[in-house]
Amino acid sequence: MRDWVAPEHDPLVLVRGEGAYLMDAQGNRYLDGNASIWTNIHGHGRAEIVSAIQEQAAKLAHASMLGFTNEPAAALAEALTGCFPPETLTKVFYTDDGSTAIECALRMALQYWQMEGEGGRTRFLAFDRAYHGDTLGAASLGGIPTFHGRLGNLGVPVVQATGMEALHALSSGEVKQLAGVVIEPLIQGAAGIRLWPPGMLGELRDWCHRHDVFLILDEVMTGFGRTGKLFACEHEDVVPDFIALAKGLTGGTLPLAATLTTKRVFDAFLGDPAEHRTFYYGHSYCGNPLGCAAALANLAVFEKDRVIEEVLPETIAHLKGRLEEWAGEDRRVREVRQCGLIAGVEIGDGSGAVLDAANRTGARICLAARKHGLLTRPINDTLVLMPPLCITAAQLDDAVGALRKALDEVVTD
Ligand SMILES: Cc1ncc(COP(=O)(O)O)c(C=O)c1O
165 MRDWVAPEHD PLVLVRGEGA YLMDAQGNRY LDGNASIWTN IHGHGRAEIV
215 SAIQEQAAKL AHASMLGFTN EPAAALAEAL TGCFPPETLT KVFYTDDGST
265 AIECALRMAL QYWQMEGEGG RTRFLAFDRA YHGDTLGAAS LGGIPTFHGR
315 LGNLGVPVVQ ATGMEALHAL SSGEVKQLAG VVIEPLIQGA AGIRLWPPGM
365 LGELRDWCHR HDVFLILDEV MTGFGRTGKL FACEHEDVVP DFIALAKGLT
415 GGTLPLAATL TTKRVFDAFL GDPAEHRTFY YGHSYCGNPL GCAAALANLA
465 VFEKDRVIEE VLPETIAHLK GRLEEWAGED RRVREVRQCG LIAGVEIGDG
515 SGAVLDAANR TGARICLAAR KHGLLTRPIN DTLVLMPPLC ITAAQLDDAV
565 GALRKALDEV VTD
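Every position in the sequence shown, counted from 1, becomes a number in the working numbering once 164 is added.
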C-alpha cells in the first residue's frame, strides 16, 4: 500500500473491455493476459451475457434465497448438475466467490460427519503450496508461506501433504480424522502454475473412495474450459463429492459461486428442525439472479461457439507452439508449464537456476509488458498467461511477443 499511495504512483484505470482487450482511461489498449485475474471466459462485453444481465436486471436484480428461489437460480442449478454424470453431483449451493464456495464445502463436510456420528472427522488434507481462498477456513488449507504463513494453526485443522505418497503413509487413525481432501485438480494456480503428475487425480479419487473420505475439488480456477475441457476433473474421468465453482462461472462478469455435492450429503441434512440438521450458512446475495442469468448465458455461449469441441484445441495448440518456440530459443526461460489455456513461463538466470526473488524480476517484466500492450501478473518469476478463451492466434502471438520484448528489456542475456 505504501507504493500504491505514493504520490508518484499513477494507477492504471481500466474503463472498457472488448473481447480479449481492456482499455484504459488514456485510450491505450491491452490484451487481458490473465483474463482479469482468471475470471473472463468468452471475452469482455460478450453481447449474449450483457443482454442476459440487462434483461434480468429489468425483471428482478436480487431477491433472497432464504425461503424463496428465483428462476435463473433454479435453471442454473439444473444446467450445472447436467454438466456431470447423472446421479452424481445433483445438488447445488450458491455462494459469492471462490473462497466462500470452498468454505461452504468444508462446513458441509464437517457437519455431515457430525450428523453421521463421526464427529472425530475434523481435519482436512490439503496440499503443499495449495491456494483455496482467503476466508479463514479456506486460507487455513493454503500452503503458500507468503499468503498463509501468518495464520499458523488458526482456522480449520489441516494435514499438509506433498503428494500421494504422503496419503499412503497416513495411519488408519489419521485417516479416520479426515473429513475430506481438498485439491486444485491437474494444476495449482497460485503456487506458480504447477502441474500434478498425470493420473494423480484418479489415484486420489480411488484413495478417497477406499477410505470413505470426501474428495473436494477446487475448480475455481480450472473450471469453465481453462484446461481444455469444461472441468479439469473430466480429463481423468473423476467425479468428486464436492466441487467448488466460481471465477469463470458468470463468464467473468459478476461475483457468483456454486458448491455442488451429492444426494448422500444432501440427505444427511434432512430432518425435523428439532434434530438440528439445518446448514446454517448463507449470504445475502446467494443465488443472485443477475449472476445466475449471466452464468446461464455463459454456458449457452460454450455451446453456441462450440468452444470446447472446436475453438480450444486449436488455441491451446497454438499457445503451446509459441511457448515451446520461445523456450527453445531463450536460455532465460527456465521452464514452461501449460495445461490447456493456463500457462506459466518461469524465468531463470540463463543457466537453469532460479532467480533471486528479492529482485522481483517477474513483476518488472509484467510491468514492462504493458508498454507492449499486455496486462498480466506474475507469480514470483513465473509469467502467467491465462487469457480469455476467445483469444485468437494472432492475439496470442502478440501476448507472447509482448512478454519476450519485456524480458529483453528487463533481463539482459
Ligand atoms: C484455486 C482457487 N481457489 C479459490 C480461489 C479464491 O477465489 P476468490 O478470489 O473468488 O475468493 C482462487 C483465487 O484465485 C483460486 O485460484
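A virtual CB, placed ideally from N, CA and C, is assigned to each residue, including glycine.
In this text, all values refer to a predicted model and were calculated from it rather than measured experimentally.
DSSP-derived helix/strand/coil call for glutamine 275: By 1-based counting over the sequence shown, the position of residue 275 is 111. DSSP places glutamine 275 in helix when its eight states are reduced to three.
Closer than 8 Å: tryptophan 202 CB and nearest ligand 1 heavy atom: Mapped onto the sequence shown, residue 202 falls at position 38. It does: the Cβ of tryptophan 202 is within 8 Å (strictly closer) of some heavy atom of ligand 1.
Contacting residues, own chain, Cβ-Cβ under 8 Å from valine 339 (five flanking each side not counted): The residue you call residue 339 lines up with position 175 of the sequence shown. Result list for valine 339: His375 and Val377, in chain order.
CA-to-CA distance, arginine 496 to aspartate 572, given in whole angstroms: Within the sequence shown, residue 572 is the residue found at index 408, counting from 1. Within the sequence shown, residue 496 is the residue found at index 332, counting from 1. Going from the Cα of aspartate 572 to the Cα of arginine 496 covers about 10 Å.
8 Å contact criterion, which threonine 252 and valine 403 should meet: CB distance rounded: What you label residue 252 is simply residue 88 of the sequence shown in a count that begins at 1. What you label residue 403 is simply residue 239 of the sequence shown in a count that begins at 1. Right, their Cβ atoms sit about 5 Å apart.
heavy atom of ligand 1 below 8 Å from methionine 385 C-beta: As a first step, residue 385 is located in the sequence shown; it is residue number 221 there, counting from the start. Under cutoff, so the answer is yes.
Glutamine 559 versus Gly455, Asp405, Gly207 and Ala189, residue with shortest Cα-Cα distance: Within the sequence shown, residue 559 is the residue found at index 395, counting from 1. The option with the nearest alpha carbon to glutamine 559 is Gly207.
Cβ-heavy atom distance, threonine 264 to ligand 1, below 8 Å: What you label residue 264 is simply residue 100 of the sequence shown in a count that begins at 1. For ligand 1, at least one heavy atom lies less than 8 Å from the Cβ of threonine 264.
Delimiting residues of the beta strand (DSSP E) encompassing isoleucine 380: The count along the sequence shown starts at 1 and reaches residue 380 at position 216. Residues 378-382.
Given 8 Å, three or more beta-carbon pairs between the stretch 490-507 and the stretch 561-571: yes
C-alpha gap between tryptophan 371 and leucine 274, whole angstroms: Residue mapping note: residue 371 aligns to position 207 of the sequence shown, counting from 1. Residue mapping note: residue 274 aligns to position 110 of the sequence shown, counting from 1. Looking at the two C-alpha atoms, the distance is approximately 19 Å.
Span separating the alpha-carbon of tyrosine 276 from that of alanine 432: On the sequence shown, residue 276 is found 112 positions in, with the first residue counted as 1. On the sequence shown, residue 432 is found 268 positions in, with the first residue counted as 1. Tyrosine 276 and alanine 432: Cα-Cα distance of roughly 6 Å.
Heavy atom of ligand 1 within 8 Å of glycine 297 beta-carbon: Translated into the one-based positions of the sequence shown, residue 297 becomes position 133. Yes, the beta carbon of glycine 297 sits closer than 8 Å to at least one heavy atom of ligand 1.
Any alpha helix (DSSP H) of 4 or more consecutive residues that is wholly inside the stretch 357-439: 364-375 and 427-432
Beta-carbon separation (whole angstroms), glycine 537 vs arginine 166, contact threshold 8 Å: Position 373 of the sequence shown holds residue 537. Position 2 of the sequence shown holds residue 166. Not a contact, Cβ separation roughly 29 Å.
Residue range of the unbroken beta strand (DSSP E) whose run includes valine 518: As a first step, residue 518 is located in the sequence shown; it is residue number 354 there, counting from the start. DSSP places valine 518 outside any beta strand (DSSP E), giving it a letter other than H or E.
For threonine 245 and alanine 118, the rounded distance between their alpha carbons: Limits of the chain in this structure are 165 at one end and 577 at the other, which puts residue 118 out of reach.
Closer than 8 Å: alanine 199 CB and nearest ligand 1 heavy atom: In the sequence shown, the residue the question calls residue 199 occupies position 35. It does not: the Cβ of alanine 199 is nowhere closer than 8 Å to a heavy atom of ligand 1.
Distance, aspartate 196 Cα to aspartate 188 Cα: Position 24 of the sequence shown, counted from the first residue, corresponds to residue 188. Position 32 of the sequence shown, counted from the first residue, corresponds to residue 196. Taking the straight line from one Cα to the other gives about 12 Å.
The stretch 382-396 touching the stretch 259-267, judged by at least three CB pairs closer than 8 Å: yes
Aspartate 382: CB within 8 Å of a non-hydrogen atom of ligand 1: Translated into positions along the sequence shown, residue 382 becomes position 218. Yes, the beta carbon of aspartate 382 sits closer than 8 Å to at least one heavy atom of ligand 1.
DSSP three-state assignment for aspartate 513, whether helix, strand or coil: Translated into the one-based positions of the sequence shown, residue 513 becomes position 349. DSSP places aspartate 513 in coil when its eight states are reduced to three.
Sufficient close CB pairs (3 or more, under 8 Å) joining the stretch 305-317 to the stretch 462-472: no
Span of the beta strand (DSSP E), counted from its first residue to its last, around phenylalanine 257: To locate residue 257, count along the sequence shown from 1; it is residue 93. Unbroken beta strand (DSSP E) run through phenylalanine 257: 255-259.
For lysine 255 and phenylalanine 606, the rounded distance between their alpha carbons: Not covered by the structure: residue 606. The range shown for the chain is 165 to 577.
Closer than 8 Å: lysine 535 CB and nearest ligand 1 heavy atom: Locating residue 535 in the sequence shown gives position 371, counting from the first residue. The answer is no for lysine 535.
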